[in-house]
Amino acid sequence: MDGNANGYRWIGTRTIRPDGVDKVTGRAAFGADFSLPGMLVGKILRSPHAHARILRINTDKAETVPGVKAVVTSADFPEIPPAEATKGSSPPNYRHLSQNLMAREKVLYDGHAVAAVAATSAAIATEALALIEVDYEILPHVTGVLEAMADEAPVLHEDLFTGGVDPKPEKSSNIAKRVEFAIGDTDAGFDAADVIVERDYDTEGIHQGYIEPHAVVASMGADRQANIWCSSQGHFMVRQYCAGLLNMSIGDIKVTPAEIGGGFGGKTTVYLEPVALLLSKKSGLPIKMVMTREEVFRGTGPTSGSYMTIKVGAKRDGTITAAEADLRFFAGAFPGAPVHLGCMCGFTPYDIENVKAIGYDVVTNRPKAISYRAPGAPIAAFGIESAIDELAKKLGIEPLALREMNAAKEGTRTAYGPTLGVVGFEETLEAAKMHPQMSEPLGPNQGRGIASGYWFNVGGESSASVSINEDGTITVTSGAPDIGGSRASLCIMAAEIFGVDIDQVRAVIGDTTATAFNRHTGGSRVTFALGAVVIEAAEDCVRQLRERAAKTWDIDIDAVEWENGEARPAGENAGKFEPLTLMDIAEKTPMTGGPIGVKKSSNVQGPGPAFGTHICDVEVDRETGHVKILRYTAIQDAGRAIHPGYVEGQMQGGVAQGIGWALNEEYIYGEDGRLQNPGFLDYRIPVASDLPMIDTVIVEIPNPTHPFGVRGVGEIPIIPPMAAVANAIEDAVGLRLTSLPMSPPKVLSALDDGH
Amino acid sequence: MTDVVLSREIARKFTGGETRIVVEAGTMRAIVRQLDEKFPGLKSILGEGMAVAIDGTIFQDFFLEEVGPDAEVCFLPAIEGG
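See below:
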């Protein structure tokens, strides 16, 4: 392969996946694949109640079962006082994290962990769990966001007072926080509008739906030196959180990452790892814990559900004059709904003078919500992009044209403050307009919907090393798990800098002792941020290679240039020397100064924000309410697609998850507050037969802060689908659906009611 | 002169509602120090869980960042992704 149209040799090519063979042959080692001699099985006892006070836990009978080696409850975990809840660098709220890990005075949701057992077999551990006696005082519960905000709602945390309001409330509340982002004067903006649409929308809580359940092997020695092998989105995160939760030194914990079978934000925290460490400490043996699918649904983070009010106004010519959003997101049992991110992203695709977005972070008796791709943004976009579509229809303007007329561009001020730099939203709209799907005829009960989305993207602490091996091959070692193809993209970027064949470069994910700290994989940060660090390290290696050639030729380093993987004299004045390949120089390193390897660490800033625009065609079955996705196209500004195949995979994956969110996925709670559908038979994610082949169009408006122009790509694709589907349904049958999921019963009911 | 943009929430609490403050400083550390001198207590808010956008580019950990003479600095909540 000698290059491609973008002027690079490897950037933008579809190289073979470095992890592909292992994954398709089953050789890849995921979290549950690791074992140690003498290993015990750990299992967790979970609350059957949505909200209850724990009066007593008696583990005596369980501890006497032959084969049971350890039992732990919250009493075994250090209690973290409020003043120390956020100690350390970039901390989570350790107090809440600890309470979520193992319930203390109260259980706060169906599935909340209350005790754990380690035994010589799974059967014995299960038997022992059944013998743990827990006396509960059942309390009233609340799982709905509006119900939780009501004055008379049962309060989950007596010490929780609404933040962001002045004066500070004297009465505790389930509303953890109020946030507000605003520019201009929305009252004046709506006064200037000729057409206003205002509507309420609601979304259910849904799970990230990763196929691999949480799994860990942990071993703590008598000297408190701990080893953890697990699947997560950040093994440095696991190390940091375990240390914070168990009052351990970070240096006493080593975490080795496994391959990860999906995370999507759901593996950016810990559930099992600290429990397994404590069981290991107590038993003196390694512990393996693997969640069942039911445990994943009942005990790990879904994303928030919501109740939203969206109002948008425009002049007859299509100029949007004002926009408001009231977003109420539930956070589950502990504060932390991504409502501020929904407020910040929602209206950013549009250049609107007057915007106000108010958000409420609300606790409910559900598992604690955790990130899901572009946390908060897809929820807000469902309401806002539906409202934009309705506004366009009322104005008699094509929805795509209305978006073009009001599109954000470089220099647009966002509602959350900053002015946008170089962005590619208009280009995604132009690509949508030109796409063949837009002119494909539609039949009866068929409709087409458009929706757009925005995400900031993220940088952060990143560390990597690049080593020249003795034979001239190159090893790139980084410290952030590869979820979406980062090994491939790091290899490509390194090969580009070195000017060598891609097969000469291998990328591995090192454990927590192999590199300095890495922020976890998330926020679409790794190819951007770790890529920048690897590029810097590779460039330093190239400088050293030139230096070694200069020493070999006894000329100045400035007289040596590096081209296509070779050191060459830079012009005739440098002298006449045969080029030295990377292999030539690598073989001679013992004589020229020793091994060549560079470690780099940086807190990489300046991620390029990105936009996407989606086109969805549906057909609605008026007899069953079933919505069939006929055709779907996702268009996205990737800055620069390092490996277009992986970018397309991210786009298709995000769309598939978004369609599931739109049409089927939901947590269903009974009146008793128990989750009714904790399994893939009853919690329906899309399968291949539900989806057409999802078309993708990559737009490339390079991010000026990255050497190759990279923008994150993993978050954007899940933002527009719910609104795109809703807008397509409206186009098909003239009904505006405002409640997710738009499952057959809801669609049928709307068709029957005619609204 | 650097134009500092604060959210209305922060402005209501610390600056009497003024969301745009002009300061003269070359680094983010100096900007935060000046703001805190002018509006006591503001540093505690800006130093925890906040990011900045300097001329539209977001910096999550910003205290050491240099700021150009006519820059716009906007404080916003720190961003985590999935």
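Line by line, the protein sequences give chains R and C. Per this note's numbering, the first sequence runs over residues 3 to 757. Per this note's numbering, the second sequence runs over residues 3 to 84. Glycine is no exception: its CB is placed at the ideal position from the N, C-alpha and C atoms. From a predicted model like this one, the values you see are computed outputs, not experimental measurements.
Practice task
Measure from the alpha carbon of GLU574/R to the alpha carbon of each residue in VAL147/R, MET585/R, HIS616/R and VAL562/R, then state which is nearest.
Solution key: As a position in the first sequence, residue 574/R is number 572, starting the count at 1. GLU574/R has its Cα closest to that of VAL562/R, out of VAL147/R, MET585/R, HIS616/R and VAL562/R.
Handout entry: C-beta neighbour in chain C for ILE421/R, strict 8 Å
Key = In the first sequence, residue 421/R corresponds to position 419, counting from 1. Note that residue 421/R corresponds to Thr in the displayed sequence, not to Ile. So yes, THR421/R belongs to the interface.
Problem - Distance, TRP564/R Cα to MET3/R Cα - result: Along the first sequence, read from residue 1 onward, the residue named residue 3/R stands at position 1. Along the first sequence, read from residue 1 onward, the residue named residue 564/R stands at position 562. Reliability fails at MET3/R, whose pLDDT of 40 lies under 50, so the model's placement of it is uncertain and no value is given.
Practice task
Classify PRO171/R as helix, strand or coil using the three-state DSSP reduction.
Solution key: In the first sequence, residue 171/R corresponds to position 169, counting from 1. Here PRO171/R carries a coil assignment [DSSP, helix/strand/coil].
Practice task
May I ask which residues mark the beginning and end of the beta strand (DSSP E) holding HIS237/R?
Solution key: Walking along the first sequence from the start, residue 237/R turns up at place 235. Here HIS237/R belongs to no beta strand (DSSP E); instead the alpha helix (DSSP H) covers 237 to 248.
Practice task
Measure from the C-beta of LYS15/C to each C-beta in chain R and report whether the shortest distance is under 8 Å.
Solution key: Your numbering for residue 15/C matches position 13 in the second sequence. Nearest CB-CB separation between LYS15/C and chain R: below the 8 Å threshold.
Exercise for the section: Might you give, ordered along the chain, the residues of its own chain that have their beta carbon closer than 8 Å to the beta carbon of LYS396/R, omitting 5 neighbours on each side? Expected result: Your numbering for residue 396/R matches position 394 in the first sequence. Only VAL197 and VAL199 meet the Cβ criterion.
Exercise for the section: Have a look at LEU110/R and ALA150/R and give me their C-alpha separation to the nearest angstrom. Expected result: For the purposes of this step, residue 110/R is identified with residue 108 of the first sequence, where counting begins at 1. For the purposes of this step, residue 150/R is identified with residue 148 of the first sequence, where counting begins at 1. Each residue's alpha carbon lies about 13 Å from the other.
Practice task
In the DSSP assignment, find the alpha helix (DSSP H) that holds MET52/C and state where it starts and stops.
Solution key: The residue given as residue 52/C occupies position 50 in the second sequence. No alpha helix (DSSP H) holds MET52/C; the beta strand (DSSP E) holding it covers 52 to 56.
Exercise for the section: Please report how far the alpha carbon of ARG642/R lies from the alpha carbon of ALA466/R, in whole angstroms. Expected result: Residue numbering aside, residue 642/R sits at position 640 when the first sequence is read from its first letter. Residue numbering aside, residue 466/R sits at position 464 when the first sequence is read from its first letter. Here the alpha carbon of ARG642/R sits roughly 21 Å from the alpha carbon of ALA466/R.
Practice task
Out of TYR273/R, CYS347/R and GLY191/R, state which residue places its alpha-carbon closest to the alpha-carbon of GLY315/R.
Solution key: Here residue 315/R refers to the residue found at position 313 of the first sequence. Of TYR273/R, CYS347/R and GLY191/R, the smallest CA-CA separation from GLY315/R is found for GLY191/R.
Exercise for the section: Measuring only between beta-carbons, confirm whether VAL69/C sits less than 8 Å from chain R. Expected result: Position 67 of the second sequence holds residue 69/C. No, VAL69/C lies away from the interface with chain R (no Cβ there is under 8 Å from its Cβ).
Practice task
Let me know if SER251/R comes out buried or exposed under the rule of 16 or more other beta-carbons within 10 Å of its beta-carbon.
Solution key: Start at 1 with the first residue of the first sequence, and residue 251/R comes out as number 249. SER251/R comes out exposed.
Problem - Helix, strand or coil at GLY599/R according to DSSP, with G and I counted as helix - result: Mapped onto the first sequence, residue 599/R falls at position 597. DSSP places GLY599/R in strand when its eight states are reduced to three.
Exercise for the section: Using a threshold of 8 Å, state whether the C-beta atoms of LYS435/R and LEU402/R are closer than that. Expected result: Position 433 of the first sequence holds residue 435/R. Position 400 of the first sequence holds residue 402/R. A contact, by the Cβ cut-off of 8 Å.
Exercise for the section: Work out the CA separation of GLY348/R and ILE208/R for me, nearest whole Å. Expected result: Position 206 of the first sequence, counted from the first residue, corresponds to residue 208/R. Position 346 of the first sequence, counted from the first residue, corresponds to residue 348/R. Straight across, the Cα-Cα distance linking ILE208/R with GLY348/R is about 19 Å.
Exercise for the section: Taking 8 Å as the threshold, find out whether the segment 624 to 643 of chain R comes into contact with the segment 684 to 704 of chain R through three or more Cβ pairs. Expected result: Touching, yes, given that three or more Cβ pairs across the two stretches are closer than 8 Å.
Practice task
Taking the CB atoms as reference points, tell me whether ALA394/R and GLU400/R lie closer together than 8 Å.
Solution key: Numbered from 1 along the first sequence, position 392 holds the residue referred to as residue 394/R. Numbered from 1 along the first sequence, position 398 holds the residue referred to as residue 400/R. A contact, by the Cβ cut-off of 8 Å.
Practice task
Run through the segment 552 to 578 of chain R for me and flag every whole beta strand (DSSP E) of 3 or more residues, listed as ranges in chain order.
Solution key: Annotation note: the segment 552 to 578 of chain R contains the following uninterrupted beta strand (DSSP E) runs of length 3 or greater, listed N- to C-terminal: 562 to 565 and 568 to 571.
Problem - DSSP state of LYS89/R mapped onto helix, strand, coil - result: Your numbering for residue 89/R matches position 87 in the first sequence. Coil at LYS89/R, not helix or strand.
Exercise for the section: In the DSSP assignment, find the unbroken beta strand (DSSP E) run with GLN638/R in it and report its ends. Expected result: Counted from its first residue, the first sequence places residue 638/R at position 636. In the DSSP assignment, GLN638/R falls within the unbroken beta strand (DSSP E) covering 629 to 639.
Problem - Reduced DSSP category for GLN448/R - H, G, I as helix; E, B as strand; rest coil - result: By one-based count along the first sequence, residue 448/R stands at place 446. Strand.
Exercise for the section: Give the residues from the segment 166 to 186 of chain R that approach chain C closer than 8 Å (Cβ to any Cβ), ordered along the chain. Expected result: Cβ contacts with chain C come from GLY166, ASP168, VAL181, GLU182, PHE183 and ALA184.
Exercise for the section: Output, in chain order, the set of chain R residues within a Cβ distance shorter than 9 Å of ILE60/C. Expected result: The sequence position of residue 60/C within the second sequence is 58, counting from 1. Against ILE60/C, the close residues of chain R are PRO420, PHE458, ASN459, VAL460, GLY461, GLN607, GLY608, PRO609 and PRO611, in the order they occur along the chain (beta-carbon pairs closer than 9 Å).
Handout entry: Closer than 8 Å to chain R by CB, PRO79/C
Key = As a position in the second sequence, residue 79/C is number 77, starting the count at 1. Output row for PRO79/C: interface = yes.
Practice task
Tell whether a beta-carbon distance below 8 Å holds between ALA52/R and HIS143/R.
Solution key: Here residue 52/R is taken as the residue at index 50 of the first sequence, counted from 1. Here residue 143/R is taken as the residue at index 141 of the first sequence, counted from 1. Yes. Within cutoff.
Handout entry: CB contact flag (ILE617/R, MET440/R, <8 Å)
Key = Walking along the first sequence from the start, residue 617/R turns up at place 615. Walking along the first sequence from the start, residue 440/R turns up at place 438. Contact: yes.
Practice task
Given a cut-off of 8 Å, decide if ILE587/R and LEU547/R are closer than it, judged by their beta-carbon atoms.
Solution key: Sequence index remark: in the first sequence, residue 547/R carries index 545 (1-based). Sequence index remark: in the first sequence, residue 587/R carries index 585 (1-based). With respect to the 8 Å criterion, LEU547/R and ILE587/R are classified as neighbours on the basis of their beta carbons.
Practice task
Can you say whether ASP30/C is buried or exposed, counting buried as having 16 or more other CB atoms within 10 angstroms of its CB?
Solution key: For the purposes of this step, residue 30/C is taken as the residue at position 28 of the second sequence. Reading off the sequence shown, one finds Met at residue 30/C, where the question assumed Asp. Burial call: buried.
Practice task
Would you mind reading off the limits of the beta strand (DSSP E) that contains ASN229/R?
Solution key: Numbered from 1 along the first sequence, position 227 holds the residue referred to as residue 229/R. 228 to 232 is the span of the beta strand (DSSP E), which, as asked, contains ASN229/R.
Exercise for the section: Spatial neighbours of MET222/R within its chain, please: CB distance less than 7 Å, with the 5 preceding and 5 following residues excluded, ordered by chain position. Expected result: Looking up residue 222/R in the first sequence gives position 220. For MET222/R, the CB contacts under 7 Å within the same chain, skipping 5 residues up- and downstream, are ALA228, LEU279, SER282 and LYS283 in chain order.
Practice task
Could you work out which residues of chain A lie near HIS342/R, taking near to mean beta carbons separated by less than 7 Å?
Solution key: This model lacks chain A altogether, as its protein chains are R and C.
Handout entry: Under 8 Å between C-beta atoms of ALA657/R and GLY449/R
Key = For the purposes of this step, residue 657/R is taken as the residue at position 655 of the first sequence. For the purposes of this step, residue 449/R is taken as the residue at position 447 of the first sequence. Residue identity differs from the one stated: residue 657/R is Val in this sequence, not Ala. No. Outside cutoff.
Exercise for the section: Taking only beta-carbon positions, decide if VAL7/C is within less than 8 Å of chain R. Expected result: Against the second sequence, residue 7/C aligns to sequence position 5. Taking Cβ atoms only, chain R reaches closer than 8 Å to VAL7/C, which makes this a yes.
Problem - ASP72/C at chain R interface by Cβ criterion, 8 Å - result: Position 70 of the second sequence, counted from the first residue, corresponds to residue 72/C. False, the Cβ-Cβ gap to chain R never drops below 8 Å.
Exercise for the section: Return yes when the Cβ of GLY533/R is within less than 8 Å of the Cβ of LEU492/R, no when it is not. Expected result: The count along the first sequence starts at 1 and reaches residue 492/R at position 490. The count along the first sequence starts at 1 and reaches residue 533/R at position 531. Contact: yes.
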